[in-house]
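Same order as they appear, the protein sequences are chains A and B.
Each step along the first sequence adds one to the number in this note's numbering, with nothing skipped, and position 108 is 108.
Quick note, this note's numbering runs 1000 ahead of the 1-based positions in the second sequence.
Note that the Cβ used here is the ideal one computed from N, Cα and C, for glycine as well.
Here the structure is a predicted model, which is why all the values come from computation and not from measurement.
Input: a single structure, listed below in structure tokens.
2 protein chains.
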Amino acid sequence: MDHIDRALLARLQQDATQSYATLGQAVGLSAGAAHERVRKLRERGAIRRTTIEVDPAAVGSAVLAYVMVESSSWMGDSAPAFAALPEVLEAHVIAGSASVLVKVRTATTEQLQDVLRRIYAIDGVSGTQATVVLETFFERPLSPQESGADGHL
Amino acid sequence: MDHIDRALLARLQQDATQSYATLGQAVGLSAGAAHERVRKLRERGAIRRTTIEVDPAAVGSAVLAYVMVESSSWMGDSAPAFAALPEVLEAHVIAGSASVLVKVRTATTEQLQDVLRRIYAIDGVSGTQATVVLETFFERPLSPQESGADGHL
DNA sequence: CACCCATACCGAAGGTCGTTCGGCCTGCTG
DNA sequence: CAGCAGGCCGAACGACCTTCGGTATGGGTG
């Protein structure tokens, strides 16, 4: 994982459809060498998958909210319960007064209310505190930064 | 934007490297027709771009936190100030006691503190409240769901 | 210091896939 | 009923992915 790998990751994040010839030229490598590096990045799991970025509004998810979930018991094994709700895009165990933080997208605020109802139904959940997003400034992928945990890789 | 388009979006989210022949077969179309549909989805902006999903740990961003930013003034024009911080992955204007909610990834908690310091330096910011993630259950793309705001499309 | 092995790169070849095109069919519209 | 627009199919051309042999470089070892 050197600076060339990071450059490859950054360029593929911007556009994963470009050819390996273009990609290699951008980092000073041949197409074959660039392909080999990307293949290894996939193999190691540094690249999890190639995907598309979908406009939420285009698929009818105009409402975005973050929900702090309070609980009366240990929530460490509740991942499947949250994953069962398709409107829940992220779920994290957090440090602080709440126990779990989830990101939710729905078409309407009525649907958001319904999601909150289903979150309440999860075992151990004692309360929720929803924060509705009024305007999204930006959402972007993380930029491969310097140093990092190269460690023994 | 019918059910076939939604199926195409869902399949491309899972794997954007598959061939148009495979894609078309999965939804009952020829390769050419599938290609034409995907082309139009890009044209309309429903597909924003094709990208890769990078493992945060692989690029040295092991610490994830959400930060509630309080302000003493209107923050509606502060998008560039937050975008200037590369560790800030998302920034949203929210309804509630705080003004802006941002998502931050760093390599260490020391770097997180430094990001908080730089957020404080943004004009109008009067306080922050960071919530550190202990464990991420999951992060996934939104699933193209039913009905939605098809409207006049 | 010489040797050897592993790693990474280049350049070319073959096979697959993306992209485009003409033709057909269905469903509207005037 | 005629005309038209939109969507799909199937084929063909060209570009690209993928692999392979050959070569150079750096590190470890006797």
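From this set, the options, which residue's C-alpha is nearest residue i's C-alpha?
i: residue 1046 of chain B; options: B/1010, B/1136 and B/1078; result: B/1010
i: residue 140 of chain A; options: B/1083, B/1069, B/1129 and B/1121; result: B/1083
i: residue 26 of chain A; options: A/122, A/40 and A/6; result: A/6
i: residue 86 of chain A; options: A/115, A/64 and A/59; result: A/115
i: residue 57 of chain A; options: B/1097, B/1001, B/1134 and B/1058; result: B/1001
i: residue 1072 of chain B; options: B/1098, B/1013, B/1061 and B/1062; result: B/1098
i: residue 110 of chain A; options: A/31, A/65 and A/59; result: A/65
i: residue 1106 of chain B; options: B/1088, B/1070 and B/1037; result: B/1088
i: residue 123 of chain A; options: A/108, A/136, A/16 and A/81; result: A/81
i: residue 1041 of chain B; options: B/1142, B/1004 and B/1104; result: B/1004
i: residue 1135 of chain B; options: B/1108, B/1120, B/1022 and B/1063; result: B/1063
i: residue 13 of chain A; options: A/108, A/48 and A/131; result: A/48
i: residue 1096 of chain B; options: B/1102, B/1018 and B/1070; result: B/1070
i: residue 1144 of chain B; options: A/59, A/20 and A/18; result: A/59
Which word fits residue i, buried or exposed, when buried means at least 16 other C-beta atoms lie within 10 angstroms of its C-beta?
i: residue 1138 of chain B; result: exposed
i: residue 1153 of chain B; result: Below a pLDDT of 50, predicted positions are generally treated as unreliable, and residue 1153 of chain B, at 35, falls in that range; the measurement from the model is reported next regardless. Exposed: under 16 other Cβ atoms inside 10 Å.
i: residue 1078 of chain B; result: buried
i: residue 90 of chain A; result: buried
i: residue 28 of chain A; result: exposed
i: residue 44 of chain A; result: exposed
i: residue 24 of chain A; result: buried
i: residue 117 of chain A; result: exposed
i: residue 1034 of chain B; result: buried
i: residue 1039 of chain B; result: exposed
i: residue 1131 of chain B; result: buried
i: residue 18 of chain A; result: exposed
Can you tell me where the beta strand (DSSP E) holding residue i begins and where it ends?
i: residue 1130 of chain B; result: 1125-1139
So the alpha helix (DSSP H) residue i belongs to, where does it begin and stop?
i: residue 1022 of chain B; result: 1020-1027
i: residue 1009 of chain B; result: 1003-1014
i: residue 1017 of chain B; result: Element bounds for residue 1017 of chain B: n/a, residue is neither H nor E.
i: residue 119 of chain A; result: 109-120
Report, in whole angstroms, the separation of the C-beta atoms of residue i and residue j, which I expect to be a contact under 8 Å.
i: residue 68 of chain A; j: residue 128 of chain A; result: 7 Å
i: residue 133 of chain A; j: residue 1094 of chain B; result: 6 Å
i: residue 1061 of chain B; j: residue 142 of chain A; result: 6 Å
i: residue 1050 of chain B; j: residue 15 of chain A; result: 7 Å
i: residue 92 of chain A; j: residue 100 of chain A; result: 7 Å
Would you check whether the ligand MG has a heavy atom nearer than 7 Å to the C-beta of residue i?
i: residue 1051 of chain B; result: What this structure holds is no ligand at all, so the ligand MG is not there to describe.
Go through the region 1040-1103 of chain B residue by residue and report every complete run of the alpha helix (DSSP H) that reaches 4 residues or more, in order. Along the length of the region 1040-1103 of chain B, whole alpha helix (DSSP H) runs at least 4 residues long occupy 1079-1083, reported in chain order.
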